[in-house]
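Each residue of the sequence shown is one higher than the last, beginning at 255 in my numbering.
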Amino acid sequence: MKLLSKYIVTVPIILFLISCGADEISNSEENQNNTPVNAKVYQDSDITKSMSPQNSTIISSSQNGIIVSGSSSVMVEADLVEITLGIEATNISVSKAVEEVSGANQILLNILDKNKVIEKEIATTRYTISPQYQYSQGKSKLTGYKVTHNTKFKYRDLENVGSLIDQLSTGPNSVGNNLRVNSINFSIENPTKYENELRKNAVNNALQKAQSLADYAGVSLGLPFYISEHSPTNFTQPLPESDMMMTKMAYAAPSTEINSGQLTITFNVNMGFNIK
Numbered sequence: 255m256k257l258l259s260k261y262i263v264t265v266p267i268i269l270f271l272i273s274c275g276a277d278e279i280s281n282s283e284e285n286q287n288n289t290p291v292n293a294k295v296y297q298d299s300d301i302t303k304s305m306s307p308q309n310s311t312i313i314s315s316s317q318n319g320i321i322v323s324g325s326s327s328v329m330v331e332a333d334l335v336e337i338t339l340g341i342e343a344t345n346i347s348v349s350k351a352v353e354e355v356s357g358a359n360q361i362l363l364n365i366l367d368k369n370k371v372i373e374k375e376i377a378t379t380r381y382t383i384s385p386q387y388q389y390s391q392g393k394s395k396l397t398g399y400k401v402t403h404n405t406k407f408k409y410r411d412l413e414n415v416g417s418l419i420d421q422l423s424t425g426p427n428s429v430g431n432n433l434r435v436n437s438i439n440f441s442i443e444n445p446t447k448y449e450n451e452l453r454k455n456a457v458n459n460a461l462q463k464a465q466s467l468a469d470y471a472g473v474s475l476g477l478p479f480y481i482s483e484h485s486p487t488n489f490t491q492p493l494p495e496s497d498m499m500m501t502k503m504a505y506a507a508p509s510t511e512i513n514s515g516q517l518t519i520t521f522n523v524n525m526g527f528n529i530k
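Here it is, written out as structure tokens:
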């Protein structure tokens, strides 16, 4: 009987311990599922976004930064010209039109070789064969075929560009009326030699602007936290349309004058500075 009493007392104690353990587990799960009011939940996308370079730059500049741009320019003489010429022929026979363009193109190549144009710098940019129609009272009639062969090349003897056009357009050994002058663009062959000086001047220009803004605002300028540059990529200057028209009309003139003028190279930087 004493032994039975011992077991009867032990069972409630064990049940009480199990009950307490279950309550603790339940409370623990409840705490995990219920976030405190003051806690901030971060998703993976939020963390990735906050760490991206674009967002970090925006945060810094919007809080306590001075953002400025600087530029520097220089006027230089062109030392290269890129010319695009077209040869056209129209004939009722497509084979004859092709033959006429082919013969004129060979004359073009001979003249370029005579003027020391580098063969590797001569390229065909377009070749087309197009049927030509005449339309009357809603009906079309085939009148022939137009063949076009466009050639682009580089030329470094800028003083004789006009003379080259004359050789191609006039005289018994020229391309003649089949020639079309599509474009004449002056440029700089090696613009990188100007970049270092332009970059330095552009940065100095940005520093001066930033310092002026800081002085006006009554704050101290800190170190830069953002720098980007925009180096020039296009150094070409096309011949004005009016001059192009004069060039096309000059086929019958005694001589053609084409002047390159000067080109402007501009270098830009963007900078962001901290405020002390």
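Virtual Cβ for every residue (Gly too), placed ideally from N, Cα, C.
Where do the N-terminal and C-terminal ends of the alpha helix (DSSP H) with residue i fall, by residue?
i: Y470; result: 449 to 471
Quick check on residue i: does DSSP put it in helix, strand or coil?
i: M305; result: At M305 the pLDDT is 36, less than 50, meaning the model places this residue with poor confidence; the figure from the coordinates comes in the next sentence. Helix at M305.
i: V330; result: strand
i: I365; result: helix
i: P426; result: coil
i: S347; result: coil
i: G515; result: coil
i: K370; result: coil
i: G357; result: helix
i: T446; result: helix
i: N292; result: Unreliable placement is indicated for N292, whose pLDDT of 37 sits below 50; no coordinate value is reported for it.
i: S299; result: Bear in mind that the predicted position of S299 carries a pLDDT of just 38, short of 50, making it unreliable; the figure below should be weighed with that in mind. S299: helix per DSSP, three-state reduction.
If distances are taken between C-alpha atoms only, which option among the options comes closest to residue i?
i: G515; options: L422, S347, G357, D333; result: D333
i: N483; options: T520, I376, L475, E373; result: The residue asked about is misnamed: residue 483 is Glu in this sequence, not Asn. The shortest C-alpha separation from E483 is found at T520.
i: K454; options: V328, S466, S394; result: V328
i: V429; options: G476, D411, H403, G324; result: H403
i: T338; options: I419, E353, D367; result: I419
i: K374; options: F407, T344, E443; result: F407
i: Y448; options: V401, K463, S485, I321; result: S485
i: L422; options: G340, N318, N528; result: G340
i: F527; options: I512, V457, E511; result: V457
i: E354; options: I512, N432, E451; result: N432
i: N444; options: S325, E331, V401, V523; result: E331
i: Y381; options: A464, E451, E342, I438; result: E342
What are the start and end residues of the beta strand (DSSP E) that includes residue i?
i: K418; result: Note that residue 418 is Leu in the sequence shown, not Lys. Counting along the chain, L418 falls outside any beta strand (DSSP E), though it belongs to the alpha helix (DSSP H) covering 415 to 423.
i: S482; result: 475 to 484
i: R410; result: From DSSP, R410 is part of no beta strand (DSSP E); its letter is neither H nor E.
For residue i, does the count of other Cβ atoms within 10 angstroms reach 16, so buried, or fall short, so exposed?
i: T518; result: exposed
i: V473; result: exposed
i: Q360; result: exposed
i: L396; result: exposed
i: Y387; result: exposed
i: T377; result: Rather than Thr, the amino acid found at residue 377 in this sequence is Ala. So A377 ends up on the exposed side.
i: L366; result: buried
i: L477; result: exposed
i: A460; result: buried
i: T446; result: exposed
i: G425; result: exposed
i: T405; result: buried
i: A471; result: exposed
What does DSSP give as the partner residues of residue i in its beta bridges?
i: P385; result: Y399
i: G340; result: N404, R434
i: Y522; result: The sequence shown places Asn at residue 522, not Tyr. In DSSP, N522 forms a bridge with S325, H484.
i: T378; result: T405
i: N318; result: For N318, which the question treats as bridged, DSSP gives no partner whatsoever.
i: K530; result: None, per the DSSP bridge assignment.
i: V335; result: Y409, F440
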